[in-house]
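Everything below concerns the one structure shown next.
Shown next, in the form of structure tokens:
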């Protein structure tokens, strides 16, 4: 099995699906690192304009909850890391830094539009990764069926992600 696995999460329901596969790919002794990269949303973010960057706190809480989920499944060495910048670039960079033996990610994330296309971040990671990449394919619900989340949102609920 793998000694070090990098798991990428962007807060979307699509990326969360990878968490079901991690306990199968890892052993209790595998080092798991959950990574969220907060993208710079506009060129003004790069030059320090008036627009404030997204706060890190909610992302820390999000990763802590997901790390607890993996720990409860029997994995002992789960850490979390947050970076700011280009998601594909930092996924590859962190995989190199940690000497990850596997990257686990969704084929699409927060900007998913078409389940038949490989997302931009996923395709760049696949091209540049220093190790194998395990991708979980996004499957959108059948158009005639609403997901529980969509039904809840249509009744006035907030975004669950």
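In my numbering, the protein residues as written are 12 to 172. For glycine and all other residues, C-beta sits at the position ideal for the given N, C-alpha and C.
Local conformation of residue i per DSSP, three classes
{"i": "residue 137", "result": "helix"}
{"i": "residue 126", "result": "Residue placement at residue 126 is poorly supported in this model, since its pLDDT is 49, which falls under 50; the coordinates still yield a value, given next. Coil, per DSSP."}
{"i": "residue 20", "result": "coil"}
{"i": "residue 132", "result": "helix"}
{"i": "residue 110", "result": "coil"}
Residues of its chain near residue i, where Cβ-Cβ distance is below 6 Å and the 5 sequence neighbours each way are ignored
{"i": "residue 135", "result": "99"}
{"i": "residue 91", "result": "45, 74 and 78"}
{"i": "residue 111", "result": "15, 17 and 142"}
{"i": "residue 88", "result": "42"}
{"i": "residue 101", "result": "48 and 94"}
{"i": "residue 70", "result": "47 and 93"}
Own chain residues within Cβ distance below 7 Å of residue i, not counting five before or after
{"i": "residue 137", "result": "144"}
{"i": "residue 37", "result": "12, 13, 16, 43 and 86"}
{"i": "residue 84", "result": "34"}
{"i": "residue 28", "result": "117 and 147"}
Opening and closing residue of the beta strand (DSSP E) in which residue i lies
{"i": "residue 118", "result": "From DSSP, residue 118 is part of no beta strand (DSSP E); its letter is neither H nor E."}
{"i": "residue 149", "result": "Premise fails: residue 149 is in no beta strand (DSSP E) and is neither H nor E."}
Nearest-angstrom Cβ-Cβ length linking residue i and residue j, presumed shorter than 8 Å
{"i": "residue 93", "j": "residue 19", "result": "Contact doesn't hold; Cβ gap of about 12 Å is too wide."}
{"i": "residue 17", "j": "residue 109", "result": "6 Å"}
{"i": "residue 149", "j": "residue 118", "result": "5 Å"}
Close beta carbons around residue i, own chain, < 8 Å, minus the five adjacent residues each side
{"i": "residue 106", "result": "17, 114, 140, 141 and 142"}
{"i": "residue 32", "result": "115, 145 and 147"}
{"i": "residue 82", "result": "89"}
Distance cut-off 7 Å: residue i Cβ against heavy atoms of the ligand ZN
{"i": "residue 37", "result": "Inclusion of the ligand ZN in the displayed structure is not the case, the ligand content being empty and no account of it being possible."}
Can you give, in chain order, each stretch of the beta strand (DSSP E) that sits fully within the region 24–103 and has at least 3 residues?
42–49 and 88–95
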